[in-house]
Amino acid sequence: MTLQDPRSKYPQPPYPKQQQELPGSIIDMQPRPDHGENSYKGSGKLTGRKALITGGDSGIGRAVAIAFAREGADVAISYLNESGDAEDTAGFIKAEGRKCLLLPGDVSEQQHCELLIERVTAEFGGLDILVNNTAYSHERESLQDITPEEWDKTFKTNIYPLFWLCRAAEPFLQPGSCVINTASINACKPAPQVVAYNCTKGAIQNFTAGLAQLWGKTGIRVNAVAPGPVWTPLIPASMSPDGVEMFGSETPLGRVAQPAELAPAYVLLASGEASYINGATIQVTGGMPAV
């Protein structure tokens, strides 16, 4: 196979200036993100597994859903129901001959999180992989611009569901099951314009490390992936057009990551090949140090 320079594998900045309303949609992004629709090739690493992915309709979650299905897993997608991205993602899962559940609703509500676990375990006959991936963020230049309501929404969306979902899933998880949480480089290298988001990602990192020790004794692994800048709908929906234009240019590779480049880390952590990886955070940052 011919070597490919990672700097030029995908489009480099400047990107077209653009802005969307939260939570954003794939269809309106320029350039369109790559979720592995045409590139990811499975090899049976997750055959027979049953997965739930929050925020699985677009961005990183969509890439992970496609990869999991091509590795042999049935996939349930939790999403907010703001666009048609979920139905499109489901088409890729079903094309692999795998079961797909579309579960719209707001994971910032405890009752909905508990219902998600109830639906997945009932319709799939169990749950082996839980991917906590939903996120909310908004750039603010001053603390005075962050309302108490926005602060609360950020925590209710980004960290509370991890507790609610893991607590509800615990009775159904067997030895060999795993949880994968989406953290961020911002947990260790916080960007000043997203203070609330940074705090939740730090909490996710800590939750992952603590739960890995608590559940490791029962044979359930808990890990995290810490992305750097990734080309997802959250970017044009939460950043200024000027910020979008040069997004990712500060990385050593000189560009933003595509969601497809994150999926292999989730596949590894979900597979039996990661049987001794517990409490870890895999950094996928393009070379930006997350320390």
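Position one of the sequence shown corresponds to residue -17 (our numbering), numbered consecutively onward. Yeah, the Cβ is synthetic: ideal placement off N, Cα and C, and Gly gets one too.
Here residue 113 is buried. Its C-beta has 16 or more other C-beta atoms within 10 Å.
According to DSSP, residue pairing for residue 10 in a beta bridge does not occur.
Between the alpha carbons of residue -6 and residue 80 lies a gap of roughly 35 Å. Non-local C-beta neighbours of residue 221 in its own chain, meaning closer than 6 Å and more than five positions away in sequence, comprise 121, ordered along the chain. In this structure, residue 42 keeps its C-beta atom at 8 Å or more from the C-beta atom of residue 140. A check of alpha carbon separations from residue 157 across 97, 34, 254, 238 identifies 254 as the nearest.
Between residue 32 and residue 108, the CB-CB gap stays under 8 Å. Checking the DSSP bridge columns, you'll see residue 203 partnered with 160. Contact check for residue 211 against residue 177 fails: the beta carbons are separated by 8 Å or more.
Taking all protein chains shown into account, residue 59 has 16 or more neighbouring C-beta atoms within 10 Å of its C-beta and is therefore buried.
Across the structure, residue 25 and residue 67 are spaced so that their CA atoms are roughly 26 Å apart. Under the rule that a run must span 3 or more residues, the beta strand (DSSP E) segments found entirely inside the stretch 35 to 115 read 56 to 61, 82 to 86, 111 to 114. In the structure shown, residue 128 adopts coil according to DSSP, grouped into three states.
Of all C-beta pairs linking the stretch 261 to 268 to the stretch 228 to 243, three or more are shorter than 8 Å, placing the two stretches in contact. Secondary structure at residue 217: helix, using DSSP grouped into helix, strand and coil.
Here the alpha carbons of residue 63 and residue 16 stand approximately 21 Å from one another.
Residue 51 and residue 207 have their C-alpha atoms some 19 Å from each other. No Cβ-Cβ contact shorter than 8 Å links residue 100 with residue 83.
Sixteen is the threshold: since fewer than 16 other Cβ atoms of the shown chains lie within 10 Å of the Cβ of residue -16, the residue is exposed. Only buried fits residue 5, as 16 or more other CB atoms lie within 10 angstroms of its CB. Residue 198 counts as exposed, since fewer than 16 other beta carbons sit within 10 angstroms of its beta carbon.
In the three-state scheme derived from DSSP, where H, G and I count as helix and E and B as strand, residue -9 is classed as coil.
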